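A short worksheet on the structure shown next.
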Amino acid sequence: MHQTKTGILLANLGTPDAPTPGAVKRYLRQFLSDKRVVDTSRLLWWPLLRGVILPIRSPRVGEALSVRVDGRGIAADGI
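In terms of my numbering, the sequence shown is residues 362 to 440.
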């Protein structure tokens, strides 16, 4: 019987410039607007991204990052 092997590729696709809601919002907007990251209809995705995801997730993620970062920068912390 032929067995199929599965591989996993991990890639760092960037981090926000700062642990603030504004920087997180800019990063998420750019990252989640990439068609290679979210492969769905733009007509459905853009209202969801701009009306729900960015307004809700940006403040929460920015707050969580500000607690974890101690001045070394986000990328240095491995977040």
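From the three backbone atoms N, C-alpha and C, an ideal C-beta is built for every residue, glycine too. As the structure is a prediction and not an experimental result, all values here were calculated from the model.
For LYS386, the enclosing alpha helix (DSSP H) covers residues 382-393. Straight-line measurement puts the Cα of PRO420 at about 10 Å from the Cα of SER427. Excluding five sequence positions before and after LEU410, the CB atoms of its chain that fall closer than 6 Å to its own CB belong to LEU393, given in chain order. In the displayed model, PRO377 falls within coil according to three-state DSSP, outside both helix and strand. Of the residues assessed, PRO416 falls on the exposed side of the cut-off, its CB having fewer than 16 other CB atoms within 10 angstroms.
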